[in-house]
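A quick write-up on the structure given underneath.
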Amino acid sequence: MAKALGQTAEEAIVPGIEGLAPHITGTVGLLLTNRPVDSVLEYLSGIAPVDFARAGVAASRSFTIPPGVVYATAGEVPKENDVPLTHTIEPELRRLGVPTRMVKGKVVLGDENGEGEGYVVCKEGEILDSRQTRLLKLFDVCLSEFRIKPLAYWSAATNEVTEIDQNAMDGVEEEE
Numbered sequence: 001m002a003k004a005l006g007q008t009a010e011e012a013i014v015p016g017i018e019g020l021a022p023h024i025t026g027t028v029g030l031l032l033t034n035r036p037v038d039s040v041l042e043y044l045s046g047i048a049p050v051d052f053a054r055a056g057v058a059a060s061r062s063f064t065i066p067p068g069v070v071y072a073t074a075g076e077v078p079k080e081n082d083v084p085l086t087h088t089i090e091p092e093l094r095r096l097g098v099p100t101r102m103v104k105g106k107v108v109l110g111d112e113n114g115e116g117e118g119y120v121v122c123k124e125g126e127i128l129d130s131r132q133t134r135l136l137k138l139f140d141v142c143l144s145e146f147r148i149k150p151l152a153y154w155s156a157a158t159n160e161v162t163e164i165d166q167n168a169m170d171g172v173e174e175e176e
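Yeah, the sequence shown ends on 176 if you go by my numbering, and it's all consecutive.
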């Protein structure tokens, strides 16, 4: 993208846009708009979709499968609003290291009466592996929040590149 915009004043497709080239490295994108900068920054700061965590990132919270009959959301919602996990998923849970068993056609962790210990999938701050992320996905637990972090903008009115104050984007972390 930097090459297409121009990396020097001679290569630039419009005056001053070559100043964006140093910012176009890694996982970045371009947003082209004629809206005011303040409204775009406000809009971007409000976007934070959640998704399933990927291996290699830190868990944003702890997650434990409670003992007893295992439900589809593993205790994330009240039992009366949840459904028991289907028997077809039980072998997958065992393959992922969860000590479950079948009792009267239901997937059970520990004692069917809820006695025993729950299974800790992850703890807050712990780096997740692929097994943990698969378990989180099976129970529909989203731990990742994605944000857009503006670095700089080019203005056609002034033909200048302005860097965004990074302190204004507190809470948005860079992917390493």
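Idealized CB from N, CA, C, for every residue including glycine.
Within the same chain, Gly-16 come within 8 Å of Thr-158 by CB-CB distance, once the 5 residues on both sides are set aside. Distances from the alpha-carbon of Ile-89 to those of Glu-80, Pro-78 and Met-102 put Met-102 closest. Sorting Pro-91, Lys-149 and Ser-155 by C-alpha distance to the C-alpha of Gly-26 places Lys-149 at the top.
In terms of CA proximity to Lys-104, Val-69 leads the group Ser-130, Ile-164 and Val-69. Pairwise C-beta distances place the stretch 115 to 134 out of contact with the stretch 28 to 38, as fewer than three of them are shorter than 8 Å.
In this structure Ile-65 is buried. Its beta-carbon is surrounded by 16 or more other beta-carbon atoms within 10 angstroms. Residue pairing of Ile-65 in beta bridges, as defined by DSSP: Tyr-119.
Look at Lys-137 here: in three-state DSSP terms it is helix. In this structure, the alpha-carbon of Ser-130 lies about 18 Å from that of Pro-99. Under the DSSP assignment, Ser-155 falls in the beta strand (DSSP E) whose first and last residues are 152 to 155.
By the CB criterion at 8 Å, Met-1 and Leu-31 fall outside the cutoff.
Inter-segment contact for the stretch 1 to 11 and the stretch 107 to 114 is absent: fewer than three beta-carbon pairs are separated by less than 8 Å. DSSP places Lys-79 in no beta strand (DSSP E); its state is neither H nor E. Bridge partners of Glu-145 according to DSSP: Val-50.
In the DSSP assignment, Leu-20 forms no beta bridge with any residue. Take Pro-49, set aside five residues on each side of it, and the residues of its chain with a beta-carbon closer than 7 Å to its own are Phe-146, in chain order. For Ile-164, the secondary structure class from DSSP, reduced to helix, strand or coil, is coil. Counting other Cβ atoms within 10 Å of its Cβ, Tyr-43 stays below 16 and is therefore classed as exposed.
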